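The structure under discussion appears below in the form of structure tokens.
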Amino acid sequence: MAIAFPTLEELATRKHASIGPTGAVIAFYTTNSFYEHEKDRLLASARYLGLKIISVAVENKGSWVRNAGLKPSVLVQQRKLVRGPLLYVDVDAVFHRDPWPALQSIESDIAVYYEKSGHLLSGTVLINDTPSALALLEAWQKGCMDAPEVWDQLVLEQIVMQDSAETSPRYSITRLPVSFCWIFDDLENEPVEQVYIEHLQASREAKKRRRFLGRIGKRLKRRRDRIVEIERILLSETDANCSEDFSMRDD
Numbered sequence: 001m002a003i004a005f006p007t008l009e010e011l012a013t014r015k016h017a018s019i020g021p022t023g024a025v026i027a028f029y030t031t032n033s034f035y036e037h038e039k040d041r042l043l044a045s046a047r048y049l050g051l052k053i054i055s056v057a058v059e060n061k062g063s064w065v066r067n068a069g070l071k072p073s074v075l076v077q078q079r080k081l082v083r084g085p086l087l088y089v090d091v092d093a094v095f096h097r098d099p100w101p102a103l104q105s106i107e108s109d110i111a112v113y114y115e116k117s118g119h120l121l122s123g124t125v126l127i128n129d130t131p132s133a134l135a136l137l138e139a140w141q142k143g144c145m146d147a148p149e150v151w152d153q154l155v156l157e158q159i160v161m162q163d164s165a166e167t168s169p170r171y172s173i174t175r176l177p178v179s180f181c182w183i184f185d186d187l188e189n190e191p192v193e194q195v196y197i198e199h200l201q202a203s204r205e206a207k208k209r210r211r212f213l214g215r216i217g218k219r220l221k222r223r224r225d226r227i228v229e230i231e232r233i234l235l236s237e238t239d240a241n242c243s244e245d246f247s248m249r250d251d
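According to full-length UniProt numbering, the sequence shown is numbered sequentially starting from 1.
This is the structure we're talking about:
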């Protein structure tokens, strides 16, 4: 199901109301990598919606999986520093609309999206300001440190699965709708009326393989075509980098 990225006029009508409840959006990126541009695109989408973002720079650990495994460490740090709800999004994401009005009623420790297959996706994670949420992040951090070659979201999925099997689970989990973790070309996306957060699958760049005559794969081409479409809107202004005015950086 194809969904057009909103125009600047549409984004302006969706801007966060300063009187409404909100939290901080957390993202991280590796320095000296193409993820720095992914970060700029994310910040631009947040700027037009008036969203507060904390973007954290980390050093490259040498592989896509190891870099992704830094996610819970970043979140443990920010959960200890920042009060109120946190919304983690992968840095290759863009916002279509303000997510906070739809998230404010969630009282569980965390909220995540599960695919139809039953697998957890960690590209969007709501983290409430609770002791159990911090404990879950710390368990996730330890799991990734103990198994650095295992994908971070598989580690989190296993922790949540094991806990939910207990007689008295420690962590409370809410399942987010796909509109908070929309993968732009996933043919199995459930029908939705609106999208909050779209993920652009930067892992396709990180894992791309050399092909005959320098050709790129179809999935990577779809990603790049979608980025052109979005950046034609988001980065059309020469001062697009002023998105930093609406963010806090922890470099």
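Here a beta-carbon is modelled for each residue, glycine too, at the ideal position from N, C-alpha and C. These numbers were taken from a predicted model, which means no experiment stands behind them.
Check, Outcome
"Pairwise C-alpha distance: Arg170 and Ala202", "33 angstroms"
"Validate contact between the region 188 to 202 and the region 220 to 239 using beta carbons, cut 8 angstroms, 3 pairs", "yes"
"His119, buried or exposed, once every other Cβ within 10 Å from all chains shown has been counted against 16", "exposed"
"Inter-residue Cα distance where the pair is Phe212 and Ser108", "Reliability fails at Phe212, whose pLDDT of 47 lies under 50, so the model's placement of it is uncertain and no value is given."
"One or two residues paired with Glu38 in a DSSP bridge", "In DSSP, Glu38 forms no bridge with anything."
"Where Leu81 falls, given that 16 or more other Cβ within 10 Å makes a residue buried", "exposed"
"Alpha-carbon to alpha-carbon, Ala165 and Leu156", "14 angstroms"
"Alpha carbon of Pro6 to alpha carbon of Ala12, nearest angstrom", "10 angstroms"
"Cβ pair Val74, Val89 closer than 8 angstroms", "no"
"His199 - partner residues in DSSP beta bridges", "Ala93 and Ile183"
"Coarse secondary structure for Leu120, derived from DSSP in three states", "strand"
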